[in-house]
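Comments concern the structure below.
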Amino acid sequence: MLKCLIILNIIAKGGNMKKLKLLIFTCVILSLSISSVYAATFGYSNISGIALHQYDDYSSPITEILKIRTKLKITGEKDQWYNVKTESGEGWIEKYFVTVPAEKYVVNNTPYKINIRTSPASTSKAVGQLNPGDKAKYIDTYHSWNIIEYQGNECYTASWLTDLECENSQKIYILYDKTDIRDKASFDGNVIVQGNRNDSYEVAGEKNGWFKINLPNGQTGYVPGWLTGYSQNYYSGRNLSYKKTVGNLNIKSGPSIEYGNLRTLNGESLVKVVNSENGWDKVVCQEGNVGWCSIDSLKETYPLSGKSILIDPGHGGKDPGSISCSGKYEKYVNLETAYKLKEILESLGANVYMTRDDDYYITNKERGRMADNLNTDILLSIHHNSLNNSDYFGLSTYYNTINYKDPSYGYDLAEAIYLNAITTNGIYRDGILDRNYEVLRETNTPAALIEIGFMSNPNEEMNVHNESFQYVIAEKIANGIIDYFNNKN
Ligand SMILES: [Zn+2]
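Add 542 to the 1-based position in the sequence shown for the numbering used here, that's all there is to it.
See the structure below:
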């Protein structure tokens, strides 16, 4: 109906009453039919390995298993279920496992016209323009460009020329206690107030990975996106845990013995706990099924137990890596984040090595060979990006299939880490890329490299140096590593 009103406004301004009457008629018909059909919107799967079902019922057949951050077109809903379309099919999924971002608009707040392009590059074809003050529906961000809906197609506008605003009163939830809310969208803003876990605020917009929020006193504040979620999901933040079944076990359709059996799991089956209620755990099984088990029938497990991992903090010593816009060296931030990742991976049961644990130089060839010599299961190299264009931002991961390497030597790892990282609010997509990097080339161990953000972008530089950001991104990388190993089994 909103779209209809916009069209009506435009037509009304033109003064063509005949057309206007016809449109009102069409709009009434349309709104009648739309109210019974769900207005299609987009969401993303928020957990890996979750099944789509043929019907809104867990006992119905599985049509597809989704990776985390699969884009879902929501075409209908029934009780706690969404009917969704993916690139390859359709099915039903519980709303709990779908993140629906706030509806956002790209707004041209400059005094100039801004080009709407067919791909995320200044050299690509312009198919239209946003006049000063114009809005367009925002879909996503990719390669520092905003993807918008334009004449029914997905097109691109430069993110650095536009603002993101929200019109509806959708909410975000704070994930951690004592979260600072500031008066601008960066860490050099003053703290106005602090929020705690599960506090909710209306979203007014988004900037530099931060959310603009409406505070109860009528003021506006800014909070880092990565410290927020779009729902009060049990496992947003740090609550996702892995358990194993003690013996053969029936999973139930609800949290008590009264509910019916959905299926039987063998002893020692790995499950993800996604909720907990009255001594019952809600779990997602390796096959993508969901159900409830009594907590007595499950035991804690370390998901990375028996795995060995080599973390490579890029550069070091005489090689500073990128030098940020404010003069900071990449080699230090690589090491800071690597240490946080090491701690998290060890808490998940992994045996972790580092190519360097201090500020000294080693060649990339030595780093690659070290993984082979230590016989680790994987190698992950940690970097931060830089470009001679400060507008650029975003997270990317890399693998190498050049020199005849099989994609299994890194693509799966690069993809699992990327998909987990970009589920985080305020972390933007810059792609999964095949590159002949020496550290990836000079090893026979499955290897990936991550560029966490751009040191050359003043806002992203401030974000990547922040402790909370480093901690959250290290957690997401760890989740990606767990997915990588689980997918192999
Ligand atoms: Zn680097």
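Where is the CB? At the ideal position from N, CA and C, for every residue including glycine. The model shown is predicted, which means the values in this text are computed figures rather than measured ones.
In the DSSP assignment, find the beta strand (DSSP E) that holds residue i and state where it starts and stops.
i      : result
Ile837 : From DSSP, Ile837 is part of no beta strand (DSSP E); its letter is neither H nor E.
Val894 : 893-896
Lys620 : 613-620
Leu937 : 937-941
Pro855 : 850-855
Arg780 : Run containing Arg780: none; DSSP gives neither H nor E here.
Arg739 : Unbroken run through Arg739: none, as it is neither H nor E.
Leu594 : 592-595
Ala668 : 668-672
Ala700 : 695-700
Thr660 : Run containing Thr660: none; DSSP gives neither H nor E here.
Asp494 : The question about residue 494 has no answer, for the chain in this structure spans 543 to 1031.
Ile865 : Note, Ile865: premise wrong, no beta strand (DSSP E); not H, not E.
Ser587 : 583-587
Glu709 : First-last for Glu709: undefined, no H or E at that position.
Lys754 : 752-756
Where does residue i fall in DSSP's three states?
i       : result
Asn688  : strand
Gly968  : coil
Arg983  : helix
Phe996  : strand
Ile511  : This structure does not reach residue 511, given that the chain is present from 543 up to 1031, and the question cannot be answered.
Asn625  : strand
Ser923  : strand
Gly767  : helix
Glu744  : strand
Ser847  : coil
Val642  : coil
Asn1005 : helix
Ser728  : coil
Ser818  : strand
Tyr580  : With a pLDDT of 48 at Tyr580, under the threshold of 50, the modelled position of that residue is not reliable, and the figure given next carries that caveat. It is coil, neither helix nor strand.
Lys655  : coil
Lys637  : helix
Alpha helix (DSSP H) containing residue i: first to last residue?
i       : result
Ile714  : Taken as a continuous stretch (DSSP letters only), Ile714 belongs to no alpha helix (DSSP H), being part of the beta strand (DSSP E) at 713-716.
Val875  : 872-889
Phe1027 : 1009-1030
Ile974  : Per DSSP, Ile974 belongs to no alpha helix (DSSP H); it is in the beta strand (DSSP E), 971-976.
Gly910  : 906-916
Ile959  : 953-963
Measure the beta-carbon distance from residue i to residue j and round it to whole angstroms, keeping in mind my assumption that it falls under 8 Å.
i       : j       : result
Phe639  : Ile616  : No, Phe639 and Ile616 are not in contact; Cβ-Cβ is about 12 Å, not under 8 Å.
His926  : Val875  : 6 Å
Val675  : Asn650  : In the sequence under discussion, the amino acid at residue 675 is Gly, which differs from the Val named in the question. The pair is a contact, with the Cβ atoms about 7 Å apart (cut-off 8 Å).
Lys870  : Ala1016 : That belief does not hold up - the Cβ atoms of Lys870 and Ala1016 are roughly 19 Å apart, past 8 Å.
Tyr600  : Gly833  : 7 Å
Asn1032 : Ile610  : In this structure the chain extends from 543 to 1031, so residue 1032 is not present and cannot be described.
With a CB to CB cut of under 8 Å and the five nearest residues on each side skipped, what residues in its chain are close to residue i?
i       : result
Ser664  : Ala700
Val1014 : Trp768, Leu769, Thr966
Gly631  : Leu594, Thr605, Glu606
Ser686  : Pro662, Ala700, Ser701, Trp702, Asp933, Tyr934, Phe935, Gly936, Tyr970, Asp972
Ile865  : Tyr871, Glu872, Ser928, Met997
Ser666  : Arg659, Thr660, Tyr698
Assuming contact is defined by CB atoms lying nearer than 8 Å, are residue i and residue j in contact in what I supplied?
i       : j       : result
Ile853  : Ile1023 : no
Lys646  : Tyr680  : yes
Tyr776  : Asn820  : no
Tyr934  : Leu982  : no
Thr879  : Ser773  : no
Asp861  : Leu840  : no
Glu1002 : Ser868  : no
Glu744  : Asn759  : no
Lys749  : Asp705  : yes
Ala1020 : Leu887  : yes
Val815  : Cys827  : no
Asp954  : Tyr1026 : yes
Asp914  : Gly858  : no
Leu807  : Ile793  : yes
Excluding five sequence neighbours on each side, which residues of the same chain lie with their C-beta closer than 7 Å to the C-beta of residue i?
i      : result
Gly891 : Tyr844, Pro845, Leu846, Ser847
Leaving out the 5 sequence neighbours to the left and right, which residues in its chain are closer than 6 Å to residue i when beta-carbon positions are compared?
i      : result
Gly910 : Val981, Glu984, Thr985
Thr897 : Asp854, Arg909, Met912
Val733 : Asp722, Arg724
Thr809 : With the sequence shown as reference, residue 809 is identified as Gly, and Thr is not the correct amino acid for it. For Gly809, where only same-chain residues beyond five positions count, the Cβ hits under 6 Å are Thr787, Gly789, Asn790.
Leu608 : Ser587, Ile592
Report yes or no: is there a C-beta of chain D within less than 8 Å of the C-beta of residue i?
i      : result
Asn808 : Absent from the structure is chain D; it holds one protein chain and no more.
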